[in-house]
Amino acid sequence: MAARQPIVFKHDSALGDAPAHKLFDLTDAKHRNDTKPPRSFGDYVITVGKEPNGVTIEEKI
């Protein structure tokens, strides 16, 4: 498997400002066309919700 769109969560404090499970729940991958099976990464729409206070989200690609 190859990483295609890394999403980085940066916290303002060294101990973290939000638990990992809440940050992972912010990300979602939806299939663009439900009538055809996905064949590539481009067949998906990746969305990231609003970051909590003290956390910055960076999409690397």
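Note that this note's numbering has the sequence shown beginning at 4, numbered continuously upward.
By construction, the Cβ of each residue, glycine as well, lies at the ideal position given by its N, Cα and C atoms.
These numbers come from a predicted model, not from an experiment.
- In the displayed model, D46 falls within a helix according to three-state DSSP.
- The three-state secondary structure of A23, taken from DSSP, is helix.
- In this structure, A21 is the residue among A5, P40, A21, S43 with its C-alpha nearest to the C-alpha of I60.
- Pairwise C-beta distances place the region 34-42 out of contact with the region 51-58, as fewer than three of them are shorter than 8 Å.
- In the three-state scheme derived from DSSP, where H, G and I count as helix and E and B as strand, K39 is classed as coil.
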